[in-house]
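A.B. asks: Have a look at the structure that comes next, please.
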Amino acid sequence: MTDKAHRHEIKESPEVGDISVRNIPIESADERGTTYNLGEWSLMERKEGTVSADHEHEDAESLVLIDGRIELTIGDNTQLVEQMAEINIPGNFYHKIIALTDIKLLKKRTPTDGIEPDKDRQVQPPLP
Numbered sequence: 011m012t013d014k015a016h017r018h019e020i021k022e023s024p025e026v027g028d029i030s031v032r033n034i035p036i037e038s039a040d041e042r043g044t045t046y047n048l049g050e051w052s053l054m055e056r057k058e059g060t061v062s063a064d065h066e067h068e069d070a071e072s073l074v075l076i077d078g079r080i081e082l083t084i085g086d087n088t089q090l091v092e093q094m095a096e097i098n099i100p101g102n103f104y105h106k107i108i109a110l111t112d113i114k115l116l117k118k119r120t121p122t123d124g125i126e127p128d129k130d131r132q133v134q135p136p137l138p
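All the letters of the sequence shown, read from the start, carry residue numbers 11 to 138 under my numbering.
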């Protein structure tokens, strides 16, 4: 490949006005960790030993465990899940997530977000 041909394949650097950087707003923060609002998705950082969900709701839920290990209960089924796993929870199914390590979890936002029961905010003692 000649230098001239190579130059045509390289995309020019964007102009300064084309680059957009924004701080991601905190949606909520409590003893369990912090949730960031990414628009259609939320990024949830949870501390080891904390419990999230522990409820059911009408809407299906999609999650991606980016980092860490969790104990996931959906209905009567409990299993260990490791990082880089996609989790799909049907609507009207009881579900609970226990962080076995510090975790990072992406959650697709649903119409019921923001109106979950108070028990969703409880913190459990770390697991032995």
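Each residue gets a CB set at the ideal place from its N, CA and C atoms; glycine is no exception.
CB-CB under 7 Å to Pro121, same chain, minus the five flanking residues each way: which ones, in chain order?
C.D. replies: Within the sequence shown, the letter at position 111 stands for residue 121. Taken in chain order, the residues that qualify are Asp69.
A.B. asks: Quick one, are the C-beta atoms of Gly78 and Lys114 less than 8 Å apart?
C.D. replies: Locating residue 78 in the sequence shown gives position 68, counting from the first residue. Locating residue 114 in the sequence shown gives position 104, counting from the first residue. The answer is yes: Cβ separation under 8 Å.
A.B. asks: What separation, rounded to the nearest whole angstrom, lies between the Cα atoms of Glu81 and Trp51?
C.D. replies: Position 71 of the sequence shown, counted from the start, is the residue given in the question as residue 81. Position 41 of the sequence shown, counted from the start, is the residue given in the question as residue 51. In a straight line, the C-alpha of Glu81 is about 22 Å away from that of Trp51.
A.B. asks: Which residues share a DSSP beta bridge with Ser52?
C.D. replies: Sequence index remark: in the sequence shown, residue 52 carries index 42 (1-based). For Ser52, the pairing in a beta bridge is given by DSSP as Asn47 and Lys117.
A.B. asks: Just the C-alpha distance for Arg62 and Glu96, rounded to the nearest angstrom, thanks.
C.D. replies: For the purposes of this step, residue 62 is identified with residue 52 of the sequence shown, where counting begins at 1. For the purposes of this step, residue 96 is identified with residue 86 of the sequence shown, where counting begins at 1. Reading the sequence as shown, one finds Ser at residue 62 and not Arg. Going by the C-alpha atoms only, they are around 17 Å apart.
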